[in-house]
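Below: the structure, in structure tokens.
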């Protein structure tokens, strides 16, 4: 096998593993994570679904420093926001064409910083587009937000704003790649 064929086989195996991990044992979403997601702005109609792994869906970030041990369920918030912002075009799925696959997860730049008065959230999302031709594209989009350091709900608002900002940047990339179109 030459190097090009090996890389295609590797990408196909990686894609299969990621898709299987998304399909098996999807965790339940708590009411807190569902209520925390406030989607504003654009929505997109896409030819492909965006896949998140179980590890991504279970990701947590700490609440502001006065509430040690409490966490924001940022993975569940991301999952819900993706479902609310990116819609899958059923006619494309039923067309019989081989469609691109999009995977999404948190990048190492994701984190929070808090001082006595501010809670700052940075959400870095790494995404990869696997095209049917065997080509792939990987990049990172970032969203940032800050709010008062005053507990769980204020922390969730700041994280939600950063998630939405990052997802709209992802949406712009997917529109440029002709995978999605703006519907609202």
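In the working numbering, the protein residues as written are 2 to 185. We treat Cβ as the ideally placed atom computed from N, Cα and C, and that holds for glycine.
The continuous beta strand (DSSP E) containing residue 182 extends over residues 181-183.
Burial state of residue 80 is buried, judged by a 10 Å Cβ sphere holding 16 or more other Cβ atoms. In the DSSP assignment, residue 43 forms no beta bridge with any residue. Judged by DSSP in its simplified three-state form, residue 122 adopts strand.
Distance from the CA of residue 82 to the CA of residue 164, rounded to the nearest whole angstrom, comes to 8 angstroms. Comparing alpha carbon positions, the residue from 86, 75, 158, 159 closest to residue 172 is 86. Exclusion of the five residues before and after residue 72 leaves 61, 62, 63, 64 as the residues of its chain whose Cβ lies within less than 8 angstroms of its Cβ.
The segment 142-156 and the segment 116-123 touch, with three or more beta-carbon pairs separated by less than 8 angstroms.
With contacts defined as CB atoms closer than 8 angstroms, residue 183 and residue 167 fail to qualify as a contacting pair.
Residue 112 is positioned such that its CB atom lies no closer than 8 angstroms to that of residue 53.
Taking the C-beta atoms as reference points, residue 139 is found no nearer than 8 angstroms to residue 90. Per DSSP, reduced to three states, the secondary structure at residue 70 is coil, with no helix or strand assignment. Taking all protein chains shown into account, residue 177 has fewer than 16 neighbouring C-beta atoms within 10 Å of its C-beta and is therefore exposed. Residue 132 is a Cβ neighbour of residue 101, given a cutoff of 8 angstroms.
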